[in-house]
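Residue numbers (the UniProt record's numbering): 1 to 241.
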Amino acid sequence: MLETTALQRKATLSPPLDTRYQVETPEGIDLPLRPAGLMVRALAFSIDLGLRGLILGLLFIVLAFLGKLGAGLGSILLFAVSWWYMVLFEVLNQGRSPGKQWMGLRVVQDDGTPIGWSASLLRNLLRFVDLLPFGYFLGAISCLQHPSFKRLGDLAAGTLVIYREQPLTRPQVPDAEPRRPAFAMTLTEQRAILGFAERQGELSEARVNELASILAQPLNVPAPRAVAELNGIARGLLGPA
């Protein structure tokens, strides 16, 4: 009994194992964000590093034919691509470099607003600190220690790398003429009919007919017309396409 009470007290005092980051908008709406962890950020950075190497490699091949002029232009391009690649993409592409976009990430300000020029410049200029003493050691330690997985550049710039929320897709149901049920249905009945219509393509014809006959009984729909009637009701519940 005492052990149970002690465990319950410990569980109450321990912080929740949740990586959600809550932001309150000026309108008073809570906006939950999902900070991205070290591994997925490392993969995104590796993709961007590979793309930068490919871009520079192609440019250097072309500039090699220009002799000393090409060498000078190459030095300028090396600086521009190395330091401005991330900044331009983050500010002009809604916080998404190609690597972040590939991994479904974006960088925002701590309050959830889009990242600006000064914040992006600061977080990217401080990468040389995160790289110390080698291989992003300080940056990795900072990510692992911080509850929102921030590296030192993020801490200084007030930025946060989050998962990009995917837009909700409208349920797909078979094409049918919208119909209204003979009586007002409960929310559970509506969900059952919509679930049947959405999953129809995953089921065999025999299973579809079996489920349709079960769902059609309360609606007083003849069994031979059950599938078409239920699809029509589902389409009516969703409204115009």
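The beta-carbon is built from N, C-alpha and C at its ideal position, and this holds for glycine as well.
Check	Outcome
Taking C-beta to C-beta, are proline 32 and arginine 41 nearer than 7 Å?	no
Can you grab the Cα-Cα spacing for the pair serine 82 / leucine 63, in whole Å?	17 Å
What first and last residue would you give for the beta strand (DSSP E) that runs through aspartate 48?	Note, aspartate 48: premise wrong, no beta strand (DSSP E); alpha helix (DSSP H) at 38–63.
With a cut-off of 7 Å, does the C-beta of alanine 226 fall near any C-beta of chain C?	Here chain C cannot be found, since the structure has a single protein chain.
Which residue's Cα is closest to the Cα of serine 46: Glu90, Ser118, Pro98?	Pro98
Report the partner residues of valine 161 according to the DSSP bridge assignment.	Val107
Suppose you measure from the CA of glycine 57 to the CA of phenylalanine 149; what does that come to, to the nearest Å?	32 Å
Determine whether the beta carbon atoms of glycine 236 and arginine 180 lie at a separation below 7 Å.	yes
Buried or exposed: where does arginine 207 fall if 16 or more other Cβ atoms within 10 Å of its Cβ makes it buried?	exposed
Check each candidate in Glu202, Ser204, Asn231 and name the one with the smallest Cα separation from leucine 215.	Asn231
Under the three-state reduction of DSSP, which class applies to glutamine 145: helix, strand or coil?	helix
Can you tell me which of the three DSSP states glutamine 22 falls into?	strand
Output the distance between the C-alpha atoms of methionine 86 and leucine 126, rounded to the nearest integer angstrom.	12 Å
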